[in-house]
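J.: Handing you this structure, nothing more for now.
In the numbering used here, the protein residues as written are 3 to 85.
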């Protein structure tokens, strides 16, 4: 009986396609300078309620935002210039 329960649990994890690995909330807006590191691969790699988020160059653990990004809202862009 224990083998059946274990097998069912494993199959359930496989069939959910990793949806259990996603924590509540959304990744926050990207801001400021970033580090090009791979600190995490999935949300479960991060402590507590933090999520694994892309920072534009790598993936880092961040506190989640409860709001979805509005594609029409202004964003913080880095200013660059050349001489």
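Glycine included, every Cβ here is placed at the ideal spot set by N, Cα and C.
Determine, using beta carbons only, whether residue 58 and residue 32 come nearer to each other than 7 Å.
T.: Residue 58 sits at position 56 when you count from the first residue of the chain shown. Residue 32 sits at position 30 when you count from the first residue of the chain shown. A contact, by the Cβ cut-off of 7 Å.
J.: Closest to residue 27 by CA distance: which of 62, 52, 56 is it?
T.: Here residue 27 is taken as the residue at index 25 of the chain shown, counted from 1. Per the Cα distances, 52.
J.: For residue 63 versus residue 42, is the C-beta distance shorter than 7 Å?
T.: Along the chain shown, read from residue 1 onward, the residue named residue 63 stands at position 61. Along the chain shown, read from residue 1 onward, the residue named residue 42 stands at position 40. Their beta carbons are under 7 Å apart, which means residue 63 touches residue 42 by this criterion.
J.: Look at residue 60 and residue 39 and say whether their C-beta atoms are less than 7 Å apart.
T.: Along the chain shown, one-based indexing puts residue 60 at 58. Along the chain shown, one-based indexing puts residue 39 at 37. Their beta carbons are under 7 Å apart, which means residue 60 touches residue 39 by this criterion.
J.: Smallest Cα separation from residue 50: which of 4, 65, 56, 34?
T.: Indexing the chain shown from 1 puts residue 50 at position 48. Among 4, 65, 56, 34, the Cα nearest to that of residue 50 is on 65.
J.: What span of residues does the beta strand (DSSP E) with residue 54 cover, start to end?
T.: Position 52 of the chain shown holds residue 54. Where residue 54 is concerned, the enclosing beta strand (DSSP E) stretches over 53–56.
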